[in-house]
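Visitor: First the structure, which I've put down as structure tokens, then a few questions once you've had a look.
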Amino acid sequence: MITLELLTWYNKEKRALPWRETTNPYSIWISEIMLQQTRVDQAINYYIRFMDHFPEPETLAKASEDQILKLWQGLGYYSRARNIHKAAKKIMSEFDGQFPDTFQLLKTLPGIGEYTAGAIASIAFNEPVPAVDGNVQRVISRLFGVTEPVNTTKGSSIIKGIAEDIMDKDEPGEFNQALMELGALICKPQSPGCNHCPMQNECYAYRKSLVTELPYKVKRTTSRSRFFHYLVFLDPENKKSYFRKRDNKNDIWYHLYEFPLIEADKPLSPDQIRHAFMENKLAFPEGAVLHHFSEKFIHVLSHQRIHTHFFVYHISKLKNNLNDWQIVDYDALHRLPTHSLTTRFTGGYNF
50 MITLELLTWY
60 NKEKRALPWR
70 ETTNPYSIWI
80 SEIMLQQTRV
90 DQAINYYIRF
100 MDHFPEPETL
110 AKASEDQILK
120 LWQGLGYYSR
130 ARNIHKAAKK
140 IMSEFDGQFP
150 DTFQLLKTLP
160 GIGEYTAGAI
170 ASIAFNEPVP
180 AVDGNVQRVI
190 SRLFGVTEPV
200 NTTKGSSIIK
210 GIAEDIMDKD
220 EPGEFNQALM
230 ELGALICKPQ
240 SPGCNHCPMQ
250 NECYAYRKSL
260 VTELPYKVKR
270 TTSRSRFFHY
280 LVFLDPENKK
290 SYFRKRDNKN
300 DIWYHLYEFP
310 LIEADKPLSP
320 DQIRHAFMEN
330 KLAFPEGAVL
340 HHFSEKFIHV
350 LSHQRIHTHF
360 FVYHISKLKN
370 NLNDWQIVDY
380 DALHRLPTHS
390 LTTRFTGGYN
400 F
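Per my numbering: the sequence shown = residues 50 to 400.
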């Protein structure tokens with residue numbers, strides 16, 4: 050009964066989205082990766098542009114990392130882009146260019162976990178496996194009264210088991226998408242539309258007035274503060290600047306470009322920044338004169354608050370081979386893949 054009502058509602062109310070026009074596993078994969086941590090309305094244009102540039106695994110595998118990161122710029126969580134590049138190369142080298150067609154094989158690709166593998170396997174290959182994302186967790190928790198925290202191993206296992214039990218084995222892809230759509234459109238985290246929900250009569254949380262309480266979650270650690278001091282060394286006469294490429298593989302902005310950076314556990318003055326250069330065994334450019342510094346702005350990530358200042362220095366000539374920096378023309382800055390902090394500054398500063 051639940052399955053029939055859910056699929057009937059979905060076929061009538063589902064949104065028209067470009068990745069729903071196909072069962073091509075590559076297209077579904079790209080859309081699912083983009084939709085992680087990204088709103089649907091934001092992902093649509095990125096998806097269309099990405100598919101125009103890289104319509105199949107072969108073109109994606111042959112692309113440079115910089116090309117992919119540049120197209121991804123603005124979506125955030127750049128490890129997703131790096132992983133799809135690695136996965137495309139693996140598809141070409143280990144699967145002869147053919148997309149893996151089972152849940153278990155899909156999980157061998159970089160960046161593909163239980164949820165993404167379930168979504169691709171069920172939608173593209175009709176394999177009856179669940180695809181449990183945050184929307185599905187919320188729907189099932191409320192519908193069946195799951196009181197175990199959904200962000201624990203036990204809670205996750207309970208949700209997955211229920212999803213398997215109620216799944217339409219003939220149309221697993223449609224069923225999984227229907228659950229996700231119900232969570233996105235009706236069974237929302239805040240202000241759910243219970244009066245318009247096709248599951249209202251069957252919903253445990255609605256009957257027990259627990260809709261605002263479920264799903265239960267274990268509270269995670271609070272966010273930490275970081276203090277970024279970007280040094281923008283400009284040669285106004287030749288219209289050039291120093292840029293660097295982040296090289297920490299554990300960093301969310303790995304291989305993205307930015308201005309030279311000093312990170313500290315508190316805000317630093319210009320004199321303290323110079324001292325920090327010496328402590329980090331970096332050469333401070335000779336003749337650099339502080340010209341301007343930006344107001345502080347705070348960039349919020351899931352578990353971090355990044356307090357950011359940009360210090361602009363003018364210098365008569367930039368030297369080659371200074372630290373690990375590259376010399377870049379002003380006009381070329383926008384062509385390189387950069388993270389949102391850099392983009393925010395370059396978009397608003399009059400070079």
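Each residue gets a CB set at the ideal place from its N, CA and C atoms; glycine is no exception.
(1) For Thr387, which three-state DSSP category applies?
(2) How long is the line joining the alpha carbons of Asn225 and Lys61, rounded to whole angstroms?
(3) Could you tell me which residues DSSP pairs with Phe277 in its beta bridges?
(4) List the whole-angstrom C-beta distance separating Tyr126 from Ile301, where the pair is believed to meet the contact cut-off of C-beta under 8 Å.
(5) Can you name, in chain order, every residue of its own chain whose Cβ lies under 6 Å from the Cβ of Ile169, other than the five neighbours on each side?
(6) Go through its chain and collect everything with a Cβ distance to Met83's Cβ below 7 Å, but skip five positions before and after it.
(7) Within a Cβ cutoff of 6 Å, which residues of the same chain sit near Leu339, ignoring the five residues on either side of it in sequence?
(8) Identify, in the order they occur along the chain, each residue of the same chain with its Cβ nearer than 7 Å to the Cβ of Phe99, setting aside the five sequence neighbours on each side.
(9) Opposite Glu307 in the DSSP bridges: which residues?
(10) Using alpha carbons as the reference points, say which of His102, His356 and Thr72 lies closest to His175.
(11) Identify whether Phe174 lies in helix, strand or coil by the three-state DSSP scheme.
(12) Taking the straight line between their C-alpha atoms, what separation do you get for Gln122 and His388?
(13) Assuming Phe333 and Val281 make a contact with CB atoms under 8 Å, what is their CB distance in whole Å?
(14) Alpha carbons only, please: which of Ser171, Ile172 and Ile133 is nearest the one belonging to Thr157?
(15) Per DSSP, which one or two residues make a beta bridge with Asp182?
(16) Starting from Phe193, follow its DSSP beta bridges and name the residues at the other end.
(17) Between the Cα of Thr270 and the Cα atoms of Pro241, Val199 and His352, which residue gives the shortest distance?
(18) Would you call the stretch 310-326 and the stretch 242-255 touching, i.e. three or more CB-CB distances under 8 Å?
(19) How is the beta strand (DSSP E) around Val338 delimited, first residue to last?
(20) So is Glu163 in contact with chain B if we call contact Cβ pairs under 9 Å?
(21) For Ser272, count neighbouring C-beta atoms within 10 Å of its own C-beta (all shown protein chains included) and say buried if the count is 16 or more, exposed if not.
(22) Tyr59: which of Ser290, Leu231 and Asn399 sits nearest, CA to CA?
(23) Whether or not the stretch 379-395 and the stretch 280-299 are in contact is what I'm after, with contact meaning three or more pairs of Cβ atoms, one per stretch, closer than 8 Å; do they touch?
(24) Go ahead and pull the three-state DSSP assignment for Ile301.
(25) Thinking Ser6 and Ala180 are a contact (beta carbons under 8 Å), I'd like their distance in whole angstroms, please.
(26) Sorted by chain position, which residues of the same chain lie with C-beta nearer than 7 Å to His102's C-beta, five sequence neighbours on each side aside?
(27) Could you tell me which of Ser258, Pro386, Leu310 and Asn287 sits nearest to Lys366, measuring between CA atoms?
(28) Nearest CA to the CA of Lys218: which residue from Leu371, Gly397, Pro316 and Leu53?
(29) Can you find the residues in the same chain that come closer than 8 Å, C-beta to C-beta, to Phe193, ignoring five residues on each side of it along the sequence?
(30) Among the residues of its own chain, which have a CB less than 7 Å from the CB of Trp374, if the five just before and after it don't count?
(31) Check Phe103 in the structure and name its three-state DSSP category.
Guide: Reading from the atomic positions:
(1) DSSP, read as helix, strand or coil, puts Thr387 in strand.
(2) About 16 Å.
(3) Paired residues: Glu312 and Thr357.
(4) So it is a contact: roughly 7 Å between Cβ atoms.
(5) These residues qualify, in order along the chain: Pro74, Ile77, Trp78 and Leu155.
(6) Ala92, Tyr95, Tyr96 and Leu124.
(7) Taken in chain order, the residues that qualify are Pro319 and Tyr362.
(8) Ile79 and Leu120.
(9) For Glu307, which the question treats as bridged, DSSP gives the partners Arg293.
(10) Note on identity: in this sequence residue 175 is Asn, with His being the wrong assignment. Looking at the Cα atoms, Thr72 is the closest of the given residues.
(11) Reduced to three states, the DSSP call for Phe174 is helix.
(12) Near 7 Å, if we compare the C-alpha coordinates of His388 and Gln122.
(13) Cβ atoms of Phe333 and Val281 stay farther apart than 8 Å, at about 14 Å.
(14) Among Ser171, Ile172 and Ile133, the Cα nearest to that of Thr157 is on Ile133.
(15) Bridge partners of Asp182: none, in fact.
(16) Beta-bridge partners of Phe193 (DSSP): none assigned.
(17) Thr270 has its Cα closest to that of His352, out of Pro241, Val199 and His352.
(18) Result no; under three Cβ-Cβ pairs closer than 8 Å.
(19) Boundaries of the beta strand (DSSP E) harbouring Val338: Val338 to Phe342, taken from the DSSP string.
(20) Among the chains in the structure shown there is no chain B, since it carries only a single protein chain.
(21) Of the residues assessed, Ser272 falls on the exposed side of the cut-off, its CB having fewer than 16 other CB atoms within 10 angstroms.
(22) For Tyr59, the closest of Ser290, Leu231 and Asn399 by C-alpha to C-alpha distance is Leu231.
(23) A contact between stretches requires three or more CB pairs, one per stretch, nearer than 8 Å, and the stretch 280-299 meets this requirement with the stretch 379-395.
(24) It is coil, neither helix nor strand.
(25) The structure shown does not extend to residue 6, since the chain is modelled only from 50 through 400, so no value can be given for it.
(26) By the criterion of a C-beta distance shorter than 7 Å, His102 is surrounded in its chain by Leu120, once the five residues flanking it on both sides are discounted.
(27) Per the Cα distances, Asn287.
(28) Minimum Cα distance to Lys218 is reached at Leu53.
(29) Around Phe193, the same chain offers Ile211 and Tyr253 as residues with beta carbons nearer than 8 Å, after the five sequence neighbours per side are excluded.
(30) Cβ within range, chain order: Tyr291, Phe292, Arg293 and Pro309.
(31) Assignment of Phe103 by DSSP, reduced to helix, strand and coil, places it in the coil class.
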